[in-house]
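Right, one structure below, let's go through it.
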Amino acid sequence: MINYNSLFYLYLVVVCLLLFFFAFFVSLQLKFIFFHLLKYLNVFNIFNENFFLLDKDYENFYFCYLNFSNYLLCIFLSECYLDSNISLLHKKLIYTNLGYLYSELLFWEISEYYYLQALSINIDNYKFNIPLQDMYYMLGYQENI
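If you're matching positions, the sequence shown starts at 1 in the UniProt record's numbering and goes up one per residue.
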């Protein structure tokens with residue numbers, strides 16, 4: 001005859017082991033979220049103190065928001081960074097990033113605008129032409145390519 005108490009305890013042990021296993025991965029994700037939340041809160045101190053955003057801060061926050069697929073915060077951060085005094089190369093990168101973000105949100109006209117803004121700065125660099133060509137190809141605008 002089977003002792004049902006031992007099966008119940010075995011079931012509890014298996015469930016607890018699975019919960020501990022999954023809790024480990026959840027705690028890693030919570031650590032990641034907490035770490036980036038501290039960075040996110042730090043940006044308000046940066047803006048309140050001197051209204052100046054460093055390149056490294058911009059990159060950290062941009063990739064943090066991009067990891068969480070929070071495109072609207074990426075757009076906000078990029079637009080704020082564009083308002084600061086930056087070089088033309090940085091503006092070209094920011095315009096390209098904004099074009100990518102708007103294309104991910106399926107705002108094709110706005111995305112095209114930012115890609116064309118990036119091209120208006122310097123048309124010689126072909127790396128900045130590729131995203132616009134890909135967007136035109138995907139939308140079926142073969143005559144614009």
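All residues carry an ideal CB built from backbone N, CA and C; glycine is no exception.
*At 3 residues or longer, and completely inside the segment 81-145: list those beta strand (DSSP E) runs for me, N to C.*
none
*In this structure, does DSSP put Asn5 in helix, strand or coil?*
On the sequence shown, residue 5 is found 5 positions in, with the first residue counted as 1. Helix.
_Local conformation of Phe70 per DSSP, three classes_ = Stepping through the sequence shown from its first residue, residue 70 is reached at position 70. Residue identity differs from the one stated: residue 70 is Asn in this sequence, not Phe. DSSP places Asn70 in coil when its eight states are reduced to three.
_Rounded straight-line distance, which links the Cα of Ser69 to that of Leu105_ = Position 105 of the sequence shown, counted from the first residue, corresponds to residue 105. Position 69 of the sequence shown, counted from the first residue, corresponds to residue 69. So the alpha carbons of these two residues sit roughly 11 Å apart.
_Suppose you measure from the CA of Ser78 to the CA of Ile130; what does that come to, to the nearest Å?_
Indexing the sequence shown from 1 puts residue 78 at position 78. Indexing the sequence shown from 1 puts residue 130 at position 130. Approximately 21 Å, taken between the alpha carbons.
*Count the other CB atoms, across all protein chains shown, that sit within 10 Å of the CB of Leu17; report buried if there are 16 or more and exposed otherwise.*
Stepping through the sequence shown from its first residue, residue 17 is reached at position 17. Result: exposed.
*Using the rule of at least 16 other Cβ atoms within 10 Å of the residue's Cβ for burial, across every protein chain shown, is Ile33 buried or exposed?*
Within the sequence shown, residue 33 is the residue found at index 33, counting from 1. Ile33 should be labelled exposed.
*Counted within 10 angstroms of its Cβ, other Cβ atoms place Leu139 as buried (16 or more) or exposed*: Here residue 139 is taken as the residue at index 139 of the sequence shown, counted from 1. An exposed status is given to Leu139, since fewer than 16 other beta-carbon atoms sit within 10 Å of its beta-carbon.
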